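Structure first, commentary second.
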Amino acid sequence: MANTQSLIERLGKVSHFRELPISAIRQIVTSGRIYRYSAGSTLFSEGDPCAGLFVLFSGQVHICKLGIQGQESILSIIRPVIMFNEVAILDGGQNPITAVATLNSITWRIQHEEFHYLMERFPVLGTSLLRVLAKRNRELIANFEDVFSRPVQARTAKVLLDLSNNGKISICRHKHQNPNLAAMAATVPEAVSRHLGIFKETGTIDCSRARIIIKKPKHLAHIAMIEEDLYLN
């Protein structure tokens, strides 16, 4: 486990804590705990009591939401170093999301009561969270606009472009199987499988059990209803 000084340095890299003195960050670090999660583990579930505030130090976490029919959608992919579950830590209510480690991960976690005590001592923590929540709210609205304005084929194409860095890298099928792609595109695995088959037949992608290679990124951007010159620069 990392020592206290190492944790102070790593937590200090999180934008919300950069304005604080080292003495304050030290107190914040010692008020929380380090947790390790293996790939596939659920950190906390939607609807459960507040799990606290998390900062991801290593690994990767998917932030998910369940639909009314039980389907899971991936709202965002968390990579180091960033915090998450801010809503629950602010109001102490139920977790509004589910967090799942997709790689072996290490997090720092602080409970609701301890964090509110620290906010009273260091008000910048609260104002920083407000900025984060505003940014996340804008991203959430943009995601909903994607769902409502783009058909499933376009959403699937956009996910492939995002994961491949606009066609520059291949997509590992071990990490991104059809259920995962479906969750990111807010659809079902069967629809993703069907559209991958169409993209492959038209020569837009090369798809195997190992990887997906984007062969015609501009054509895929057109399917995704994206301005090619703006998106693929």
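The working numbering applies: residue 1 is where the sequence shown begins, and numbers increase by one. Where a beta carbon is used, it is the ideal one built from N, C-alpha and C, also for glycine. Keep in mind it's a predicted model, so treat the numbers as computed, not measured.
_What would DSSP say about residue 149, mapped onto helix, strand or coil?_
The residue you call residue 149 lines up with position 149 of the sequence shown. Three-state result, residue 149: helix.
*asked:* Does residue 10 pass the burial test, meaning 16 or more other C-beta atoms within 10 Å, or should it be called exposed?
replied: Numbered from its first residue, the sequence shown carries residue 10 at position 10. Buried, since its Cβ has 16 or more Cβ neighbours within 10 Å.
*What are the complete beta strand (DSSP E) segments, minimum 3 residues, inside the stretch 151-232?*
205-207 and 211-214
*Count the CB pairs spanning the stretch 111-123 and the stretch 47-54 that are closer than 8 Å, and state whether there are at least three.*
yes
_Given this structure, state the Cα-to-Cα distance separating residue 1 from residue 160, to the nearest angstrom._
The sequence position of residue 1 within the sequence shown is 1, counting from 1. The sequence position of residue 160 within the sequence shown is 160, counting from 1. Note on residue 1: pLDDT 46, under 50, position unreliable in the model; no value is reported.
_Within 8 Å, do at least three Cβ pairs link the stretch 130-146 to the stretch 95-104?_
no
_Rounded straight-line distance, which links the Cα of residue 150 to that of residue 28_ = Within the sequence shown, the letter at position 28 stands for residue 28. Within the sequence shown, the letter at position 150 stands for residue 150. The alpha-carbon atoms of residue 28 and residue 150 are separated by roughly 43 Å.
_residue 19 in three-state terms, based on DSSP_ = Residue 19 sits at position 19 when you count from the first residue of the sequence shown. In this structure, residue 19 counts as coil in the three-state DSSP scheme.
*Counterpart residues of residue 101 in DSSP-defined beta bridges*: In the sequence shown, counting from the first residue as 1, residue 101 sits at position 101. Residue 101 is bridged to 61.
*asked:* Buried or exposed, going by whether 16 or more other CB atoms sit within 10 Å of the CB of residue 40?
replied: The residue you call residue 40 lines up with position 40 of the sequence shown. With fewer than 16 Cβ atoms within 10 Å of its Cβ, residue 40 is classed as exposed.
_Selection from 122, 36 and 77 that minimises the alpha carbon distance to residue 184_ = In the sequence shown, counting from the first residue as 1, residue 184 sits at position 184. Of 122, 36 and 77, the residue nearest in Cα terms is 77.
_Reduced DSSP secondary structure (H/G/I, E/B, other) of residue 73_ = On the sequence shown, residue 73 is found 73 positions in, with the first residue counted as 1. Three-state DSSP puts residue 73 in a strand.
*Taking only the alpha-carbon atoms, compute the straight-line gap between residue 92 and residue 84 and give it to the nearest angstrom.*
In the sequence shown, counting from the first residue as 1, residue 92 sits at position 92. In the sequence shown, counting from the first residue as 1, residue 84 sits at position 84. Taking the straight line joining both Cα atoms gives about 14 Å.
_Alpha carbons only, please: which of 145, 60, 4 and 18 is nearest the one belonging to residue 122?_
Locating residue 122 in the sequence shown gives position 122, where the first residue counts as 1. For the residues 145, 60, 4 and 18, the minimum Cα distance to residue 122 belongs to 18.
*Where does residue 88 land, buried or exposed, given buried means 16+ other C-beta within 10 angstroms?*
As a first step, residue 88 is located in the sequence shown; it is residue number 88 there, counting from the start. Residue 88 comes out buried.
_Proximity winner among 155, 96, 130 and 143, relative to residue 225 (alpha-carbon distances)_ = Translated into the one-based positions of the sequence shown, residue 225 becomes position 225. Nearest option by C-alpha distance: 155.
*Alpha-carbon spacing of residue 80 relative to residue 7, whole angstroms*: Position 80 of the sequence shown, counting from 1, holds the residue named residue 80. Position 7 of the sequence shown, counting from 1, holds the residue named residue 7. Looking at the two C-alpha atoms, the distance is approximately 13 Å.
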